[in-house]
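Chemist:
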Amino acid sequence: MKTITNKFKIALLAVGFLAVGTVSAQTDPTTGANDATKTARTAAAGESIRLIDNKGTIKYMQSNNGITTITSTVAGNRTVTTWQLGGTLTDNTYIAAGTGAEFALDGLELLDATATASTDATDRSNHDDATPGTGFTVLLRDEATGAVKKMLLSDLLQVQGVRVEYPATADSTANLDIPVADMTAAISLFKVSVYRNGAKLRAGTDYTLGAGVVTVQPQALAAPNDYNNWEIYENDIFEIHWIK
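Counting with mature numbering (1 follows the signal peptide of the UniProt record, and there is no 0), you get residues -25 to -1, 1 to 219 for the letters of the sequence shown.
1. Tell me the start and end of each unbroken alpha helix (DSSP H) in the region 102 to 177 that is at least 4 residues and wholly inside, in chain order.
2. Which residues share a DSSP beta bridge with Ala92?
3. Please report the distance separating the alpha-carbon of Met126 from that of Gly110.
4. Just how far apart, CA to CA, sit Thr94 and Ala71?
5. Could you tell me how far apart the beta carbons of Val191 and Tyr182 are, in whole angstroms, since I believe they sit closer than 8 Å?
6. DSSP three-state label for Tyr182, please.
7. Do Val137 and Trp217 come within 7 Å of each other at the CB atom, strictly closer than that value?
8. In whole angstroms, what separates the C-alpha of Asp66 from that of Asn101?
9. Exposed or buried, Thr5, counting other C-beta atoms within 10 Å across all chains shown (16 or more means buried)?
10. Taking Asp152 as the reference, which of Arg25, Gly185, Ser129 and Asp211 has the closest Cα?
11. Measuring straight from C-alpha to C-alpha, what distance separates Asp130 and Lys34?
12. Would the beta-carbon of Ser147 fall within 7 Å of that of Ile207?
13. Per DSSP, what kind of secondary structure is Tyr202 in: helix, strand or coil?
14. Using the Cα positions of Lys219 and Leu60, report the straight-line distance between them to the nearest angstrom.
15. Nearest to Gly108 by alpha carbon, out of Thr97, Leu80 and Ile27?
16. In the DSSP assignment, find the beta strand (DSSP E) that holds Ile78 and state where it starts and stops.
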């Protein structure tokens, strides 16, 4: 009978430990108005999970910009340990920024003025690859997907020049529209030069720009400005240079 009683007591004790463990893992508000120790251990709003480690120390785990463990063994004591983020993403991950909630990085190192742009960067390379790339690339955001991607600086700053040559087919004093593919109406006059038989025409006076067209405008001014007059003759060659 004594053996049975002792076993019964041990069973009750085990159930008691399980009950304590169950209560200890429940969600525990960190901002309880009537619990000074909760307020002391963390000033952050929200909830934490109360845990007990293998040494019997009560800890509180909270998720806030990562996962943070908050240890409190004495009232008013607050020891915080943050788990560092890192590793490999297993799914698409999005961080939503907004007004008053911008995504920012502090403490970034300034690029050395002698550093050179990369010419050997490869797709999805890692810094610890056996043969990593050299130099630097530029990070950009894909507007369609939100994904952050890299680009060679030479591709980003690529300048493409276009040359169009157009012969006049008849004498004329009227305006002449010369088609120029891909030119936009908003293009700056500083990016376009127009020549007639090798002589440069005046931007905004002898020619104007439009969407996909350069309009050549012969001048017929009255004296004393008639020295600027000119007209189009058959076989005149108009040459257009512009930078995309």
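In this text, a Cβ means the ideal position worked out from N, Cα and C, and glycines have one as well.
Modeler: Looking at the coordinates:
1. For secondary structure counted as the alpha helix (DSSP H) over 4 or more consecutive residues, the region 102 to 177 holds these complete runs in sequence order: 128 to 131.
2. In the sequence shown, residue 92 corresponds to position 117, counting from 1. In DSSP, Ala92 forms a bridge with Phe111.
3. As a first step, residue 126 is located in the sequence shown; it is residue number 151 there, counting from the start. As a first step, residue 110 is located in the sequence shown; it is residue number 135 there, counting from the start. Pairing Met126 with Gly110, the inter-Cα distance amounts to about 12 Å.
4. Here residue 94 is taken as the residue at index 119 of the sequence shown, counted from 1. Here residue 71 is taken as the residue at index 96 of the sequence shown, counted from 1. The straight-line gap separating the alpha-carbon atoms of Thr94 and Ala71 is approximately 33 Å.
5. Translated into positions along the sequence shown, residue 191 becomes position 216. Translated into positions along the sequence shown, residue 182 becomes position 207. Yes, Val191 and Tyr182 are in contact; Cβ-Cβ is about 5 Å, under 8 Å.
6. Indexing the sequence shown from 1 puts residue 182 at position 207. In the displayed model, Tyr182 falls within a strand according to three-state DSSP.
7. Working through the sequence shown from its first residue, we reach residue 217 at position 242. Working through the sequence shown from its first residue, we reach residue 137 at position 162. Yes, the pair counts as a contact, with Cβ atoms nearer than the cut-off.
8. The residue given as residue 66 occupies position 91 in the sequence shown. The residue given as residue 101 occupies position 126 in the sequence shown. Straight-line Cα distance between these residues: approximately 18 Å.
9. The residue you call residue 5 lines up with position 30 of the sequence shown. In this prediction, Thr5 scores a pLDDT of 44, lower than 50, which makes its location untrustworthy; the coordinate-derived value is nonetheless stated afterwards. It counts as buried.
10. Sequence index remark: in the sequence shown, residue 152 carries index 177 (1-based). When each option's Cα is compared against that of Asp152, the closest is Gly185.
11. Indexing the sequence shown from 1 puts residue 130 at position 155. Indexing the sequence shown from 1 puts residue 34 at position 59. Here the C-alpha atom of Asp130 lies approximately 52 Å from the C-alpha atom of Lys34.
12. For the purposes of this step, residue 147 is taken as the residue at position 172 of the sequence shown. For the purposes of this step, residue 207 is taken as the residue at position 232 of the sequence shown. A contact, by the Cβ cut-off of 7 Å.
13. Within the sequence shown, residue 202 is the residue found at index 227, counting from 1. Here Tyr202 sits in helix by DSSP.
14. To locate residue 219, count along the sequence shown from 1; it is residue 244. To locate residue 60, count along the sequence shown from 1; it is residue 85. Each residue's alpha carbon lies about 43 Å from the other.
15. In the sequence shown, residue 108 corresponds to position 133, counting from 1. The shortest C-alpha separation from Gly108 is found at Thr97.
16. Position 103 of the sequence shown holds residue 78. Looking at the sequence shown, residue 78 is not Ile but Phe. Looking at the DSSP string, Phe78 is not in any beta strand (DSSP E), and its letter there is neither H nor E.
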